[in-house]
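Using this note's numbering, you'd call the opening residue of the sequence shown number -15 and step up by one each time. Yeah, the Cβ is synthetic: ideal placement off N, Cα and C, and Gly gets one too.
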Amino acid sequence: MIRIGVIGAGGIAMGSCRAFAEHPEAEIVAVAEPNGERAAEFALRYDTVTQVVAEPERLLAIDEIDAVYVATPNYLHAPLSAMALQAGKHVLQEKPLALSLEDAAPLAAAARAADTHFMLGMNQRFAAPVQRARQLMQAGRIGRAYHCKAYWRRRAGIPGIGSWFTRKELSGGGALLDLGVHMLDDAFYVLGNFRPRSVSGAIYAEFGNRGLGEGGWGPSARSGRTYDVEDFAAAVIKLDGGATVLLEAAWAMHLDRAGDMNVELYGTEGAIDTYGERLCRRETDGYHIVESPDAGGLAYPHADRMHHFVNVILGREEPCVTLDQALSVQRVLDAIYRSAATGREVILD
Ligand SMILES: NC(=O)c1ccc[n+]([C@@H]2O[C@H](COP(=O)([O-])OP(=O)(O)OC[C@H]3O[C@@H](n4cnc5c(N)ncnc54)[C@H](O)[C@@H]3O)[C@@H](O)[C@H]2O)c1
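What follows is the structure, given as structure tokens:
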């Protein structure tokens, strides 16, 4: 039985921990959450929790805990994960990896030195359509992929103007770090290429700064109306080998639907619409579009990062998200902000 401690019982942990609870060999035994009401609600929902504390340090001192799930505001990710690894725990951490590559450095060092596992919880990777797209790519069904268009756009989805999400010192950034990170990670993962060579990006704050575009996500406390992050980001990323990724992330924009997301792959012999689960190929008698193409048995049929993480600790699965991959994605995110600030392309050596 893998005993789990949860750090931060906010919007995401409250729901995503269900998957831990459903794993037959995992049990949530403790929660660290400074908001007393939320901590109590979490312990009520997950009734295997026997220890409720306010500070992560107290949770990390509990010997019986094997693994922790870090689901706090972004600025606490890297320091808390490093501390947990140094306390001998396995760590599953929410995205983004850190506020910046610099912020990630002590965590990366702790993860490399640890005997335990560190994994960034890129949940989108485990979605069956993403697994299927990757397997179709690997099987050569679209030939060589030369371009990927990845986007996650919302019409009105700013997660609380004035909450930690919209304060750069606490979040590190806006739509790019919240939504763009998922699609960038998906794109690299499906392409099987985490080797970026250059980045050109732009960011915009066009809605939140006017008090527009707020969504209804989460219980995060709002204090004031500080909004010093982007609600839209766009970037072109060139990869080793020549393929390009075109990325868009929007918390808010004028859109004829509530939102959309996809990772589209353009290949020499076909194209993949990842989330639409369609494969388009030219066959001898013309164009064929295959709905839900057969990609063989999925690598992660549980389609869930929590199940995967527990299985990794139990030695049954290899970690799907590696530290080097997470650092590569963070490097590109940093470069997008740098390119946006300087107006120039950033070359990555
Ligand atoms: N993977 C996904 O799809 C997904 C979706 C939403 C959020 N997230 C990520 O999850 C994290 C949390 O987001 P959220 O929406 O749940 O935010 P939230 O504000 O609802 O929850 C964060 C919780 O952390 C608690 N907290 C603050 N300081 C703490 C500390 N020192 N120790 C312990 N707990 C502390 C807060 O009181 C709050 O309850 C963020 O990093 C976010 O990027 C991921």
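Nearest-angstrom beta carbon gap, residue j and residue i [assumed within contact, 8 Å]
| i | j | result |
| --- | --- | --- |
| Tyr53 | Ala(-3) | 7 Å |
| Arg128 | Thr252 | 5 Å |
| Ile(-9) | Ala51 | In fact, because the Cβ distance is near 11 Å, the residues do not count as touching under 8 Å. |
| Ala319 | Leu332 | 6 Å |
| Thr56 | Arg151 | Not really, about 14 Å apart at Cβ, beyond 8 Å. |
| Ala171 | Val229 | 5 Å |
| Ala112 | Ala287 | 5 Å |
| Ala89 | Leu69 | Actually they do not touch by this definition, with Cβ atoms about 14 Å apart. |
| Gln314 | Ala82 | 6 Å |
| Arg137 | Gly243 | 6 Å |
| Thr32 | Ile12 | 5 Å |
| Ala16 | Arg42 | 7 Å |
| Ser204 | Gly20 | Rounded, the Cβ-Cβ distance is 16 Å, inconsistent with contact. |
Per DSSP, the bridge partner or partners of residue i
| i | result |
| --- | --- |
| Arg265 | Gly254, His272 |
| Val220 | Ser184, Leu230 |
| Met245 | Trp136 |
| Ala236 | Ala140 |
| Glu198 | Ile142 |
Closer than 6 Å: residue i CB and nearest ligand 1 heavy atom
| i | result |
| --- | --- |
| Pro18 | yes |
| Ala97 | no |
| Ile12 | no |
| Ser204 | yes |
| Thr210 | no |
| Thr56 | yes |
| Gly(-6) | yes |
| Ile22 | Inspection of the sequence shows that residue 22 is occupied by Arg rather than by Ile. Yes, the beta carbon of Arg22 sits closer than 6 Å to at least one heavy atom of ligand 1. |
| Pro40 | yes |
| Glu25 | no |
| Asn295 | no |
| Ile(-9) | yes |
| Glu198 | no |
| Glu248 | no |
| Asn177 | no |
| Glu232 | no |
| Glu78 | yes |
| Asn193 | no |
Residue i: first and last residue of the uninterrupted beta strand (DSSP E) it sits in
| i | result |
| --- | --- |
| Arg138 | 129 to 138 |
| Glu329 | Here Glu329 belongs to no beta strand (DSSP E), and DSSP marks it neither H nor E. |
| Met103 | 102 to 104 |
| Leu120 | Here Leu120 belongs to no beta strand (DSSP E); instead the alpha helix (DSSP H) covers 112 to 122. |
| Ile(-12) | -14 to -9 |
Extent of the continuous alpha helix (DSSP H) run through residue i
| i | result |
| --- | --- |
| Tyr173 | 165 to 175 |
| Ser0 | -5 to 0 |
| Val305 | Counting along the chain, Val305 falls outside any alpha helix (DSSP H), and DSSP gives it neither H nor E. |
| Pro180 | Run containing Pro180: none in the alpha helix (DSSP H); it sits in the beta strand (DSSP E), 180 to 188. |
| Ile142 | Per DSSP, Ile142 belongs to no alpha helix (DSSP H) and is neither H nor E. |
| Arg96 | 85 to 97 |
| Val294 | 289 to 297 |
| Ser204 | Careful: Ser204 lies outside any alpha helix (DSSP H) and carries neither H nor E. |
| Leu161 | Segment: none, Leu161 is in no alpha helix (DSSP H) and carries neither H nor E. |
| Lys79 | First-last for Lys79: undefined, no H or E at that position. |
| Glu153 | 152 to 155 |
In chain order, which continuous runs of the alpha helix (DSSP H) of length 4 or greater are located wholly inside the segment 9 to 77? 20 to 29, 40 to 44, 61 to 70
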